[in-house]
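J.: 24 is the number of the first residue of the sequence shown in our numbering; add one for each residue after it.
Yeah, the Cβ is synthetic: ideal placement off N, Cα and C, and Gly gets one too.
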Amino acid sequence: MTNQAPNQARVIPLRPHETAPHLPEPQVPAPKEPLWRDLVGDVLRQERLAQERTLKDVADAARISMPYLSEVERGRKEASSEVLAAAAHALGLDLGDLLSLARDELSQHRNRRQGRVTSPYNAQLSLVAA
């Protein structure tokens, strides 16, 4: 005979009781690098706002749809080089100027990530004799 109460089942463990495995401390993930389309879109928007121009005005001058230009500025669309050139030209920039400004934004982002102090001016200053 057993010492069990009449309404209780006998439990037999299938595996020995294990303690929870030690989990490593969660680490804060490193900030992600921005996407190129986000950088280019930010530059387009900053330039448009600096010129106090509307989205419609720039889209009409670039001969692209206003909703598409809006999506490009917000980094939602990966624009072709033709669209980027058209938008840049509508803002009075060359495609090279647009890409150079986007590269500068990427450099500033990297410097902020690494804790460096950034300046709005490039370190490539030249002195010109008058």
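(1) Would Leu62 and Ala125 be called neighbours here (beta carbons separated by less than 9 Å)?
(2) Once DSSP output is grouped into helix, strand and coil, what is the label at Leu136?
(3) For Gly98, tell me which candidate among Leu58, Gln31, Pro47 has the shortest Cα-Cα distance.
(4) Can you look up Glu169 in the DSSP assignment and give me helix, strand or coil?
(5) Figure out for me which residue from Ala110, Ser104, Arg76 has the closest Cα to the Cα of Leu92.
(6) Hey, Val95 and Gly64: beta-carbon distance below 9 Å or not?
(7) For Val151, does the three-state DSSP call read helix, strand or coil?
T.: In short:
(1) For the purposes of this step, residue 62 is identified with residue 39 of the sequence shown, where counting begins at 1. For the purposes of this step, residue 125 is identified with residue 102 of the sequence shown, where counting begins at 1. It is a contact, given that the beta carbons lie within the stated cut-off.
(2) Taking the sequence shown and counting its residues from 1, the one referred to as residue 136 is at position 113. First, the residue type needs correcting, since residue 136 is Arg and not Leu in the sequence shown. Correct three-state label for Arg136: helix.
(3) As a working note, residue 98 is residue 75 in the sequence shown. Considering only alpha carbons, the answer is Leu58.
(4) The chain is shown only over 24 to 153; residue 169 falls outside these bounds and no answer can be derived.
(5) Residue mapping note: residue 92 aligns to position 69 of the sequence shown, counting from 1. Nearest C-alpha to Leu92: Ala110.
(6) Against the sequence shown, residue 95 aligns to sequence position 72. Against the sequence shown, residue 64 aligns to sequence position 41. Contact: yes.
(7) Against the sequence shown, residue 151 aligns to sequence position 128. Model confidence at Val151 stands at a pLDDT of 49, short of 50, so the residue's coordinates are unreliable; what they give is reported in the following sentence. Three-state DSSP puts Val151 in coil, outside helix and strand.
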